[in-house]
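Undergrad: Dropping the structure in here first, questions after.
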Amino acid sequence: MSPEGRKAKKMRKMGKKLKIVALLLLICLPMLMQAGCGARELNELVIVMGIGMDTDTENPDNIKLVAQIVLPNNIGQSSSAGGSSGSSEKAYCNVESAAENTFEAIREYTHKVCNKLYIAHNQVFVIGREVAERGIADYLDFFIRAKETRPTTTIVIADTTAAEILDVEAKMNLLPAINVNKLIEAQAENSQSREINVQDYVSTMQSETTSFVAPMIHILQEGENQFLSIKGMAVFKEDKMTGELDEDETRGFLWIKGWIESGVINITAGDQQVATEIVSAKTELSAEIKDGEIIMNIKITEDGVIATQTGTVNLATLMGIGEIEALVKEEILNELTLALKKAKELNADIFGFGEVLHQHYSKEWEGIREDWDTVFSKVKVNIEIETNISGAGIITEPALSEE
Amino acid sequence: MFGYIKKIRRYLSTKNQPDSKKEPKKAAAKLSLFGSLDKNLALFKEYLGESSDVIVKEFRLGGDARTRGALLMIDGLVNNEIVDLAILKPLMYDTGFKLKTDSGALDIDSISKGFLSSHEVNKLSAVGEMLHDVLSGNTVLLVDGAKEALSVGTRKWEKRGIESPQTETVVRGPREGFTETLRINTSLLRRKIKNPNLRLEALKVGRQTKTDVCIVYIKDIVKPGLVEEIKIRMAEIKTDSILDSGYIEAYIEDAPYSIFSTVGNSERPDTIAGRLLEGHAAIIVDGSPFVLTVPMVFIESFQTAEDYYIRPYYATSLRAIRLFCYFITILAPALYVALTTFHQELIPTQLLFTMTAGLSGVPFPALVEALIMVVMFDILKEAGVRLPKPIGSAVSIVGALVIGQSAVTAGLIGPFMIIVVSITAIANFVVPAQSDSISLLRYFFLILAGLLGGFGITAGALFVLVYLVSLKSFGVQYLSPITPLSRQGMKDCFVRMPLWSMIKRPFMMTGKNNIRREPLDVSRRQKGEKDA
């Protein structure tokens, strides 16, 4: 073999060695990197389904948390027990903890339950009214930072305390926290409140002008039974709750945001009641500055069908539909006006007008941004609504018809 | 550490080399026969010893019965009828026998031409040749006074007939499989490929066993240089025995240390014929129904003969299922462990509750739990393979009980682990060609998942992928046609395109003659229908 050949062979051998070393490193390095965070066995997890936030009555400086912890072994049992809730054990327990800050409060739990809380499956943050009025940012910061929190976890503001909400037994074998979450999700069907999650919270807080809005949850007492009900939305100025929107105002707010997915619009045509269903809706929002005056253009296109009507007169005629469309338009306009009025009253830019203006007039925005709070209530709004009734279900005339 | 490895490797390589000192003398091969029958017989007995199956039949030739002769054969390897009727009878009873030429010398050719009614008669002069012929079932005729012997083809022994193969059964397609006999196997191939270019090159391997090995290829189609390379590697085999084609595989592999096989095998003549026509070469080993093919590519393990006999859409879906099962059987236990110990957030919430409830009271971490079940499965599998059939059912009953509900009720493992192991076990049998590497990879990934979770699985998968890419089989990339990518090759990879669209042979195999089909023209048929 020539010397060059031998050299080449030696080089190949060295290359092989290097390869092996590289492979060993490839295997060992990640092991070292991972060594810090160990594995957790499934049956050692303390699974948290909902976290409530309240003020501590004993020490007002403290933060108080309520964690809804699942007891998986009882889940199957309570379902077989059916209605007789007395015999079956609860599938959850609510554990409270109070400390100076959220992280400490979360860690405090290790004094009460056998492991760290596992919040990756947390469904909902329920914020008590008092906390909401005092400011929610301090409470939520830890959870936004923690890698376990999902950005899709919903945020809901309790009319009472969070602990009470999380204690309302759900029907249909759901855990209270899951029940709350499902209730919020169902709001898309009537568009009188809306699901707001951690992601929404973060992006709203990053905006200089937009106010945060979150759904409100109430407890309804019916005899011995307690029910939860989502109605309206809480309006925040910065991170403090300053007011509430009722159902109609919320609908108006959702129209402007373009967040309407479905819902009922009631109108009275002559002496007949008609309920129309919103099938689809589209909102276009644009800003305009004319002669130093800020004008927001809102253009709404709504498409609906007749869901039900009273009386015997067939309304699904050309004339009838034209009339219904006009009335629906009037109703939407009414909702919009209510929402705008309330927002100006609270001086909270819940619609994100500031952001739209910023996008359209970035130069002028520099002058406006400082005193947006005073400008907002003077913003003129230009509303254009187009409604369309595209159907009347699978019948046209009512079954009991005059003709 | 590398020093050690080197030492061990050097030791291993020297071990395989033949020990020249112990080599028996090759005298027999060169030694020529004597003119005297007695001397020849003595020599024959000296070499063969007193084996009970050796038959030496002495007799007198011709009508005058003056010349002595002897027949040498091995009982059980020869056809008795031919020996008695085609050799002994004419030699003993035919009169007018002229043994000697006019010059007085013994004429062995006249016996061959005039009296032996057999089509296969050879003249021998060396003792070695004689011994070999006798041992391979021929009958050797020695005549007193002749320095040459006649070898008559009388081979016949008990052998298994052509049966349907045990391993690669098909629903649609030929049902014949290779047998242990080399000649039958070559005839099966000849019947499939009636082409003068089908070449069968015979070799003998194994110092003690002298096993017949046959390299089969189609001249013009085979990958250029492949046959030469096989011959070089075959010549490097220095061993005393070849008992199965697995022995040859171990010697000619590109990566002898690998857990992946780089030599393919099949029990089906149609599969082998198909591979020959793609440019592979086959190696048939006498005594083994498994015929080797080289080069082998990874994707071959996912192709079956039946893929080409059924419609392409279904064949493609079957390939997808096989690939899916390959990943499932390797990764299912690892994914279960990774999910339950590292990534619980990926489990749907409701499922998490039931899994947690099922695991309550299970004392082991998920990794141990999975290891118990995977080992249990391997034990059951092994027990089932080796056991005689009547006892086999007992194993499956006990296995079903142990693996099944009892392990859960006893609190040893969680109920979900059983589902995982069942899926793993069933998927395991979908890709039989890779079954040996599958079991090893399963443990590899399981342990990685237990230590590092999904990160470990990803790192392990990359490691295996890099390794697979680096593998070669007789100069062909193991992962081709995926990498290096080839358009023609992809027509028969994840997707099995219609046969008429696979116009060229896979590029990695072929030489100049790579067009195997003409494109199909269907325009006439459609027109014909319209006219009618």
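Residue numbers (the numbering used here), protein chains in the order written: chain B, 2 to 404; chain L, 7 to 538.
For glycine and all other residues, C-beta sits at the position ideal for the given N, C-alpha and C.
List the whole-angstrom C-beta distance separating valine 157 of chain B from isoleucine 351 of chain B, where the pair is believed to meet the contact cut-off of C-beta under 8 Å.
TA: About 17 Å separates the two Cβ atoms, so there is no contact after all.
Undergrad: Go to alanine 147 of chain B, then tell me how far its alpha helix (DSSP H) extends in each direction, as first and last residue.
TA: No alpha helix (DSSP H) contains alanine 147 of chain B, which DSSP labels as neither H nor E.
Undergrad: Leaving out five residues before and five after asparagine 389 of chain B in sequence, what residues of the same chain have Cβ atoms less than 8 Å from its Cβ?
TA: Closer than 8 Å at Cβ, skipping near neighbours: Thr302, Glu303, Asp304, Gly305, Glu326.
Undergrad: Pull up the distance between the alpha-carbon of valine 265 of chain B and that of glutamate 170 of chain B, whole angstroms please.
TA: So the two alpha carbons sit approximately 29 Å from each other.
Undergrad: Are there 16 or more other CB atoms within 10 angstroms of the CB of cysteine 220 of chain L, so buried, or fewer, so exposed?
TA: Counting Cβ neighbours within 10 Å, cysteine 220 of chain L comes out buried, since at least 16 surround it.
Undergrad: Just to make sure I have the definition right: I need the residues of chain B whose C-beta is within less than 8 Å of the C-beta of glutamate 351 of chain L. Which are they?
TA: Near glutamate 351 of chain L (Cβ distances below 8 Å), the residues of chain B are Ala121, His122, Glu149, Arg151.
Undergrad: Would you tell me roughly how many angstroms separate the C-alpha atoms of glycine 293 of chain B and methionine 217 of chain B, rounded to the nearest one?
TA: Using only the alpha carbons, I get a separation of about 38 Å.
Undergrad: Arginine 281 of chain L by DSSP, collapsed to three states: which one?
TA: Residue state, collapsed to three classes: helix.
Undergrad: Is glutamine 483 of chain L buried or exposed, if buried means 16 or more other CB atoms sit within 10 Å of its CB?
TA: Buried is the call here.
Undergrad: For a quick check, are the C-beta atoms of phenylalanine 266 of chain L and leucine 477 of chain L less than 9 Å apart?
TA: Result yes, Cβ atoms of phenylalanine 266 of chain L and leucine 477 of chain L sit closer than 9 Å.
Undergrad: Would you list the one or two residues that DSSP bridges to isoleucine 6 of chain L?
TA: Absent from the model: residue 6 of chain L. The displayed extent of chain L is 7 to 538, so no value can be given.
Undergrad: Going along chain B in order, which residues have a C-beta closer than 8 Å to the C-beta of proline 371 of chain L?
TA: Residues of chain B passing the Cβ test: Ala40, Glu42.
Undergrad: Would you identify the three-state DSSP class for serine 79 of chain B, choosing helix, strand or coil?
TA: With a pLDDT of 46 at serine 79 of chain B, under the threshold of 50, the modelled position of this residue cannot be trusted; read the value that follows with caution. Here serine 79 of chain B sits in helix by DSSP.
Undergrad: By the 10 Å Cβ neighbour count, where 16 or more other Cβ atoms means buried, how is valine 426 of chain L classified, buried or exposed?
TA: Valine 426 of chain L comes out buried.
Undergrad: How long is the line joining the alpha carbons of arginine 531 of chain L and valine 127 of chain L, rounded to whole angstroms?
TA: Arginine 531 of chain L and valine 127 of chain L: Cα-Cα distance of roughly 57 Å.
Undergrad: Alpha carbon to alpha carbon, what distance is there between leucine 118 of chain B and leucine 352 of chain L?
TA: Leucine 352 of chain L and leucine 118 of chain B: Cα-Cα distance of roughly 17 Å.
Undergrad: Looking at the secondary structure, which residues open and close the beta strand (DSSP E) in which lysine 241 of chain B lies?
TA: Looking at the DSSP string, the run of the beta strand (DSSP E) that includes lysine 241 of chain B is 241 to 246.
Undergrad: Any idea what DSSP makes of methionine 496 of chain L, helix, strand or coil?
TA: Helix at methionine 496 of chain L.
Undergrad: According to DSSP, leucine 471 of chain L sits in a beta bridge with which residue or residues?
TA: Per DSSP, none; premise fails for leucine 471 of chain L.
Undergrad: Run down chain L in chain order and give the residues with a C-beta less than 9 Å from the C-beta of asparagine 198 of chain B.
TA: Correct list: empty, because the minimum Cβ distance to chain L is about 16 Å.
Undergrad: With a threshold of 9 Å between beta carbons, is valine 158 of chain L in contact with chain B?
TA: Cβ-Cβ to chain B under 9 Å: no for valine 158 of chain L.
Undergrad: When the cut-off is 9 Å and only beta carbons count, does asparagine 74 of chain B lie next to chain L?
TA: It does: the Cβ of asparagine 74 of chain B has a partner Cβ on chain L nearer than 9 Å.
Undergrad: Can you say whether proline 512 of chain L is buried or exposed, counting buried as having 16 or more other CB atoms within 10 angstroms of its CB?
TA: The residue is buried, with at least 16 neighbouring Cβ atoms inside 10 Å.
Undergrad: Name, going along the chain, the residues of the stretch 55 to 73 of chain B whose beta-carbon falls closer than 8 Å to a beta-carbon of chain L.
TA: Listed by position along the chain: Val71, Pro73.
Undergrad: Flag isoleucine 48 of chain B as yes if its beta-carbon sits less than 9 Å from any beta-carbon of chain L, otherwise no.
TA: Judged by the 9 Å Cβ criterion, isoleucine 48 of chain B is in contact with chain L.
Undergrad: Count the other CB atoms, across all protein chains shown, that sit within 10 Å of the CB of glutamine 172 of chain L; report buried if there are 16 or more and exposed otherwise.
TA: Flag for glutamine 172 of chain L reads exposed.
Undergrad: Taking only three categories from DSSP, how would you classify threonine 277 of chain B?
TA: Note: threonine 277 of chain B maps to strand in three-state DSSP.
Undergrad: What are the residues that DSSP puts in a beta bridge with threonine 322 of chain L?
TA: In the DSSP output, where bridge partners are listed per residue, threonine 322 of chain L has none listed.
Undergrad: Report the start-end ranges of each alpha helix (DSSP H) in the stretch 177 to 210 of chain B that is 4 residues or longer and not cut off at the edges.
TA: 177 to 187, 199 to 207, all fully within the stretch 177 to 210 of chain B.
Undergrad: Can you tell me where the beta strand (DSSP E) holding phenylalanine 126 of chain B begins and where it ends?
TA: It spans 125 to 128 - the beta strand (DSSP E) in which phenylalanine 126 of chain B sits, taken as one unbroken run.
Undergrad: Drop a sphere of 10 angstroms on the beta-carbon of tyrosine 320 of chain L, count the other beta-carbons inside from all chains shown, and report buried for 16 or more, exposed for fewer.
TA: Result: exposed.
Undergrad: Are the CB atoms of lysine 91 of chain B and leucine 72 of chain B within a distance shorter than 9 Å?
TA: Contact: yes.
Undergrad: Check each residue of the stretch 419 to 450 of chain L: if its Cβ is closer than 9 Å to any Cβ of chain B, include it; give the result in chain order.
TA: Within the stretch 419 to 450 of chain L, the qualifying residues are Gly420.
Undergrad: Output needed for arginine 252 of chain B: all residues of its chain with C-beta closer than 8 Å, excluding positions within five of it in sequence on either side, in chain order.
TA: Within the same chain, arginine 252 of chain B has close Cβ partners Ser192, Gln193, Ile261, Gly264, Glu336, Ala340.
Undergrad: What is the DSSP secondary structure of glycine 212 of chain L, reduced to helix, strand or coil?
TA: Reduced to three states, the DSSP call for glycine 212 of chain L is coil.
Undergrad: So which residues on chain B does methionine 361 of chain L lean against when the C-beta distance must stay under 7 Å?
TA: Simply Leu43.
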